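Residue numbers (our numbering), protein chains in the order written: chain C, 103 to 145; chain P, 2 to 172.
Cβ atoms here follow ideal geometry from the backbone N, Cα and C, with glycine treated the same way.
Please read these numbers as outputs of a predicted model, since none were measured by experiment.
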Amino acid sequence: MIHKTSPEIGGMGHSIKRKEDLRFIQGKGNYVDDVHLPGMVYG
Amino acid sequence: MAKKQLVSVKVNGREREAAVEPRLLLVHFIRESLQLTGTHIGCDTSHCGACTVVLNGRTVKSCTMFAVQADGGEILTVEGLMKDGQLHPLQEGFRQEHGLQCGFCTPGMLMSSYALLHNNPNPSEEEIRRGISGNLCRCTGYQNIVGAVQYASAKMAETKTAEPEMAGGAK
Numbered sequence: 103m104i105h106k107t108s109p110e111i112g113g114m115g116h117s118i119k120r121k122e123d124l125r126f127i128q129g130k131g132n133y134v135d136d137v138h139l140p141g142m143v144y145g
Numbered sequence: 002m003a004k005k006q007l008v009s010v011k012v013n014g015r016e017r018e019a020a021v022e023p024r025l026l027l028v029h030f031i032r033e034s035l036q037l038t039g040t041h042i043g044c045d046t047s048h049c050g051a052c053t054v055v056l057n058g059r060t061v062k063s064c065t066m067f068a069v070q071a072d073g074g075e076i077l078t079v080e081g082l083m084k085d086g087q088l089h090p091l092q093e094g095f096r097q098e099h100g101l102q103c104g105f106c107t108p109g110m111l112m113s114s115y116a117l118l119h120n121n122p123n124p125s126e127e128e129i130r131r132g133i134s135g136n137l138c139r140c141t142g143y144q145n146i147v148g149a150v151q152y153a154s155a156k157m158a159e160t161k162t163a164e165p166e167m168a169g170g171a172k
């Protein structure tokens, strides 16, 4: 018998959706170059 | 400081304009003047492709072009890929097939693949690899990115979501 949970439950034998991907594929990542702070200078 | 010039472009379907120095690069115009930070600066030398956008139907590396050169044109960036709140099949593919890790190269990869699939809706693996050859990925590797483009290609054929007109301007 193969021990596998249902897709709804996930867990063993299932890949996990990465939380961060949704923002990265929409251009909504917040990388260091995207950060703007008051009085920040660029060098 | 040089005299500023007015640059008007249609970005992701919206008319935008700003007065900029003639030496301002297109990528800085997009990221700073328009505040669309999805387009990244990776190398500033047009090697890495992180800054790739679609301009008038063709991919350009926006770090190697002046904003004034794009005046009057039409631009599509990663922020314009979603339609009616739905992810583009390519965005879905990158997520499903684990086509990203840190995500830095992803916007450029998406725009290059977008143009590739528009010109060739059913590319072979080799054609995909050639299509994204101007974009560097330094973490996931290319295998899953190729898988993501194949996913999108299949999905677009199935649902016929390929737009007759290419967003980001006609060729």
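Proximity to residue i [Cα-Cα], best of the options
i: GLY50(P); options: VAL21(P), GLY132(P), ALA149(P) and ALA168(P); result: GLY132(P)
i: LYS4(P); options: GLY74(P), LEU77(P) and VAL69(P); result: VAL69(P)
i: LYS130(C); options: GLU159(P), ARG130(P) and LEU82(P); result: LEU82(P)
i: LEU101(P); options: GLU110(C), VAL137(C), GLU122(C) and TYR133(C); result: GLU122(C)
i: ASP85(P); options: ILE31(P), SER154(P) and GLY14(P); result: GLY14(P)
i: ARG59(P); options: ASP45(P), PHE67(P), ILE76(P) and HIS48(P); result: ILE76(P)
Three-state secondary structure (DSSP) of residue i
i: LEU124(C); result: helix
i: GLN102(P); result: coil
i: VAL79(P); result: helix
i: ALA188(P); result: Look at the range of chain P in this structure, 2 to 172, and you will see that residue 188(P) is not part of it.
i: GLU22(P); result: coil
i: THR60(P); result: strand
i: ARG17(P); result: strand
Extent of the continuous beta strand (DSSP E) run through residue i
i: SER154(P); result: Taken as a continuous stretch (DSSP letters only), SER154(P) belongs to no beta strand (DSSP E), being part of the alpha helix (DSSP H) at 144 to 160.
i: SER108(C); result: Segment: none, SER108(C) is in no beta strand (DSSP E) and carries neither H nor E.
i: SER9(P); result: 6 to 12
Presumed contact (8 Å Cβ cut-off) between residue i and residue j, rounded CB distance
i: ASN121(P); j: GLU127(P); result: Wrong, their Cβ atoms sit about 11 Å apart, outside the cutoff.
i: VAL55(P); j: SER63(P); result: With 8 Å as the limit, VAL55(P) and SER63(P) do not qualify as a contact, their Cβ atoms being about 10 Å apart.
i: PRO90(P); j: MET157(P); result: 5 Å
i: GLU98(P); j: ASN145(P); result: 5 Å
Range covered by the alpha helix (DSSP H) that runs through residue i
i: ARG96(P); result: 90 to 97
i: GLY132(P); result: 126 to 132
i: GLY135(P); result: It is not in any alpha helix (DSSP H) - GLY135(P) carries neither H nor E in the DSSP assignment.
TODO: Spell out a yes or no on whether the region 133 to 148 of chain P and the region 106 to 115 of chain P are touching, meaning 3 or more CB-CB pairs, one atom from each, closer than 8 Å.
DONE: yes
Open item on the list: Could you check whether the region 28 to 42 of chain P touches the region 3 to 13 of chain P, counting it as contact only if at least three pairs of C-beta atoms, one from each stretch, sit closer than 8 Å?
Closed with: yes
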